[in-house]
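The sequence shown lines up with residues -21 to -1, 1 to 540 when you count with mature numbering (1 follows the signal peptide of the UniProt record, and there is no 0). Down below is the structure, laid out as structure tokens.
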Amino acid sequence: MAHHISRISICVVLGISLATASVLPKDSQVSSSTKQWTFDEIPASTDLIWYPCFWDYSCAMLDVPLDYSKPNRTRASVPLIMIAAQSNSTDGEYQGMLLTNPGGPGNAGVDFILEDGYSVLLPVVGTNYDIVAFDPRGMGRSIPLADCSSSSSSKLRRRNFGLSGPELDTSYWTEEFQTALQFGAGCNATMGGSDEAGLHMSTSVLAADMLSIVDAFAKTERGQGVSSSSLLNYWGFSYGSFIGETFASMYPDRVGRVANDGVVDPEDYISGTELKDIYLEDAVIDSFFTYCYLAGPSLCDFYTGNSSEDIRHRFENVFLTLNASYAFAQNWTNATTIQESLESIKSTVRLTAYTPIESFPILATQLVAYEATLSNLTVVAIEAASNIGTTTPNIAGTVPQLTEWFIGAFCGEIPSVYGKTYEELKSHIDTIEEESFLTGEIWATTLVLCSGWSITASWIFAGPFGGDTKNPILFISNTLDPATPIGNSQRWAPRFKDAQILTIEAIGHTSMAANNSCANEKIYRFFQTGILPGHDSRCVVEAGPFGITPENSVVIEKYNY
């Protein structure tokens, strides 16, 4: 799931003050320096030594084996960032370290903390934890870095992989396969060696890195002051839930308070089929029509007619005018413009399904702007409409995400796709496309990318997933999640001893998108006490897009299948 978790302002339901900045922990394994360190200045160490960084954070570089099967050979450096627990926290005594991962694969944990640590994680977790994230292997500031920039594969690096046109021509897919092969060959030349990142970006390596982080923390003075410091406390989102499932399956006796949020089906992921992920994507967008209707014309710019069906028909008419396959078949001179416009619109619309509360009002305005461009269609006008209401956070210390971070992590674990032709994958591509009008082509294209990726991870944990964990795991799912449907939790929670599911009647991807005060309180209680929700494990729908709370959860329940 290559999803970016956006900045979502969640309500502070537990009276936690965000005004009090965390301070460097008082520990012998903390630098006494007052300068603000950058990661390229911090020496890697097998001890967990924190340095002040970015003014409100602490940073470290943990020295670990590049290849855990060869611990005495080449080393790797794992960057970590921490929001330190507050002294005299109103949440109670110090709880130790909580690791977190934002998902992806391909997202840097350091950026996650810089963007969402104080505003999203801290209010839910509590101020008595050290909240820590790390950059996965090959990504962000990790050493070695997965970077194909010296290769000749610039075409793929510049483009959006998710072509979203209907009934794509075979010639298009042929070109995609050729581009993927070129990109893969270039990356193999720059990051495919035994001492480079490509072989060591698998989920099992990340699980082992998390164990190394926990072990290093347990040796610190702060860790020695917590009886459970040898156990992993963890909150993983989306692909991060797969990391959590993998860790719990590999190291069940090291599981502390682990929450898997937006749950990935591990067998589906590791097989590369991705057939259990996106079937609710279009249903989330379908809920836009209901929310827009309930909001009315004063709140929803795309409102029309007398029912949600009227809004749906207006939406469908936007796409009917952009029949790219027909345009190519008729040799229209603007066929390429139509297809590129359709790409942009589909990509924009599908992303709103991840964060509907903040994105649906913007989508309504964008759809009106799209309509205005159709009579004189240009790609520039479509892109301008797609950019309405969108902003890119300018947060000091974050780094641009590279394409090879996602491909290296994802494709490296499904080597069976490498070398496959369009003809060999066509039936599977068709199946994925049928799952979602908006997302099918985009998810199918990941298979195309993997067909050109020759770097196979040296350590792949393919199961069995599940087990008798030392402490029970909390699985968290929205009833209508576009990328990790609740069925994944329902299938996999029973595989882990005494695990429970927290069900949130909400739309969007992970609990962060739900902004549900009931869920936030239950997650807080779990991390503070280890107590699972028990029979009180369902949170009813709260205010959603446009501030609307639908009666009797009708928007949620009718899609919960």
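Backbone N, C-alpha and C fix where the C-beta goes; we use that ideal spot for every residue, glycine too.
Of the listed residues LEU346, ILE465, ALA227, GLU484, nearest to THR327 (C-alpha basis): Taking the sequence shown and counting its residues from 1, the one referred to as residue 327 is at position 348. Nearest option by C-alpha distance: LEU346.
Which residues DSSP lists as bridging GLY75, in chain order: In the sequence shown, counting from the first residue as 1, residue 75 sits at position 96. Within the DSSP secondary-structure output, GLY75 pairs in a beta bridge with TYR108.
Contact belief for ASP194 with LYS449 at Cβ below 8 Å, rounded distance in angstroms: Counted from its first residue, the sequence shown places residue 194 at position 215. Counted from its first residue, the sequence shown places residue 449 at position 470. Going by Cβ atoms, the distance from ASP194 to LYS449 rounds to 15 Å, so no, they are not a contact pair.
Cα-Cα separation, GLU402 to ALA472: The sequence position of residue 402 within the sequence shown is 423, counting from 1. The sequence position of residue 472 within the sequence shown is 493, counting from 1. Answer to the nearest angstrom: the Cα atoms are 37 Å apart.
For SER287, the nearest candidate out of TYR270, ASP409, PHE298 (CA to CA): Numbered from its first residue, the sequence shown carries residue 287 at position 308. It is TYR270.
Residues near LEU353 by beta carbon distance below 6 Å, same chain, minus five either side: Along the sequence shown, one-based indexing puts residue 353 at 374. Excluding sequence neighbours, LEU353 sits near THR300.
Pick from ARG52, ILE192, ILE393 that is closest to LEU77, judged by C-alpha positions: Mapped onto the sequence shown, residue 77 falls at position 98. When each option's Cα is compared against that of LEU77, the closest is ILE192.
Status (buried if at least 16 other CB within 10 Å, exposed otherwise) for residue 554: The question about residue 554 has no answer here: the residues shown for the chain are numbered -21 through 540.
Straight-line Cα distance separating SER496 from GLU521: Within the sequence shown, residue 521 is the residue found at index 542, counting from 1. Within the sequence shown, residue 496 is the residue found at index 517, counting from 1. Distance from the CA of GLU521 to the CA of SER496, rounded to the nearest whole angstrom, comes to 8 Å.
Own chain residues within Cβ distance below 6 Å of ASN107, not counting five before or after: As a working mapping, residue 107 is identified with position 128 in the sequence shown. For ASN107, where only same-chain residues beyond five positions count, the Cβ hits under 6 Å are ALA64, SER68, ASP70, GLY71, TYR73, GLN74.
Pairwise C-alpha distance: ARG116 and ILE122: Translated into positions along the sequence shown, residue 122 becomes position 143. Translated into positions along the sequence shown, residue 116 becomes position 137. Looking at the two C-alpha atoms, the distance is approximately 8 Å.
Whole-number beta carbon distance between GLU295 and LEU417, since they are thought to touch under 8 Å: Taking the first residue of the sequence shown as 1, we reach residue 417 at position 438. Taking the first residue of the sequence shown as 1, we reach residue 295 at position 316. Not quite, the Cβ-Cβ distance comes to about 12 Å (not below 8 Å), so this is no contact.
Inter-stretch contact at 8 Å, needing at least 3 Cβ pairs: the region 267 to 286 / the region 238 to 247: No: fewer than three Cβ pairs fall under 8 Å.
Buried versus exposed, by CB contacts within 10 Å (16 or more), SER48: In the sequence shown, the residue the question calls residue 48 occupies position 69. SER48 should be labelled exposed.
Unbroken alpha helix (DSSP H) run spanning TRP471, endpoints: Working through the sequence shown from its first residue, we reach residue 471 at position 492. Looking at the DSSP string, the run of the alpha helix (DSSP H) that includes TRP471 is 465 to 471.
Coarse secondary structure for PRO280, derived from DSSP in three states: Walking along the sequence shown from the start, residue 280 turns up at place 301. Looking at the sequence itself, residue 280 is Asp, so the reference to Pro does not match. Correct three-state label for ASP280: coil.
Contact set for SER433: own chain, Cβ-Cβ below 6 Å, skip 5 residues either direction: Taking the first residue of the sequence shown as 1, we reach residue 433 at position 454. Answer for SER433: GLY163, ASN167, TYR397, listed in chain order.
Neighbourhood of VAL306 by C-beta distance below 6 Å, restricted to the same chain and skipping five residues each side: For the purposes of this step, residue 306 is identified with residue 327 of the sequence shown, where counting begins at 1. This sequence places Ala at residue 306; Val is not what is there. Taking ALA306 as the centre and dropping the five residues before and after it, the same chain places the C-beta of ALA314, ILE317 closer than 6 Å to its C-beta, in chain order.
Among TYR230, SER456, LEU273, LEU45, the one whose alpha carbon lies nearest that of SER173: As a first step, residue 173 must be located in the sequence shown, where it is residue number 194. Measuring from the Cα of SER173, the nearest candidate turns out to be LEU45.
Three-way DSSP call (helix, strand, coil) for PRO379 in this model: Indexing the sequence shown from 1 puts residue 379 at position 400. Here PRO379 sits in coil by DSSP.
Where the alpha helix (DSSP H) through LEU426 begins and ends: Counted from its first residue, the sequence shown places residue 426 at position 447. Residues 419 to 430.
Unbroken stretches of the beta strand (DSSP E), 3 residues or longer, contained in the region 27 to 72: Listed in chain order, they are 30 to 32, 36 to 44, 54 to 62.
CYS127, DSSP secondary structure in three states: Taking the first residue of the sequence shown as position 1, residue 127 is located at position 148. In this structure, CYS127 counts as coil in the three-state DSSP scheme.
Those runs of the alpha helix (DSSP H) which lie wholly inside the region 318 to 368 and span at least 4 residues: For the region 318 to 368, the full-length alpha helix (DSSP H) segments reaching 4 residues or more read 335 to 352, 358 to 365 along the chain.
Minimum length 4: unbroken alpha helix (DSSP H) runs contained in the region 193 to 249: List check, alpha helix (DSSP H) in window: 200 to 203, 218 to 229.
Cut-off 6 Å between Cβ atoms - residues of its own chain near SER415, not counting five sequence neighbours on either side: As a position in the sequence shown, residue 415 is number 436, starting the count at 1. Answer for SER415: ILE257, GLU260, ASP261, listed in chain order.
Whether LEU229 touches ALA186 by CB criterion (8 Å): By 1-based counting over the sequence shown, the position of residue 229 is 250. By 1-based counting over the sequence shown, the position of residue 186 is 207. Looking at the sequence shown, residue 229 is not Leu but Met. Note that the C-beta distance between MET229 and ALA186 is below 8 Å.
Proximity below 8 Å, CB of GLU413 to CB of GLU420: Counting from one through the sequence shown, the residue named residue 413 turns up at place 434. Counting from one through the sequence shown, the residue named residue 420 turns up at place 441. Result no, Cβ atoms of GLU413 and GLU420 do not sit closer than 8 Å.
Segment contact, 8 Å Cβ cut-off, at least three pairs: the region 385 to 397 with the region 357 to 373: Fewer than three beta-carbon pairs drawn from the region 385 to 397 and the region 357 to 373 are found closer than 8 Å, and the two stretches are therefore not classed as touching.
Rounded C-alpha distance that separates THR410 from ILE465: Here residue 410 is taken as the residue at index 431 of the sequence shown, counted from 1. Here residue 465 is taken as the residue at index 486 of the sequence shown, counted from 1. Rounded to whole angstroms, the separation of the alpha carbons of ILE465 and THR410 is 21 Å.
Local conformation of LEU273 per DSSP, three classes: Sequence index remark: in the sequence shown, residue 273 carries index 294 (1-based). Note: LEU273 maps to helix in three-state DSSP.
Secondary structure of ILE486, DSSP reduced to three states: If you number the sequence shown from 1, residue 486 lands on position 507. In the structure shown, ILE486 sits in a strand (DSSP, three-state: E or B).
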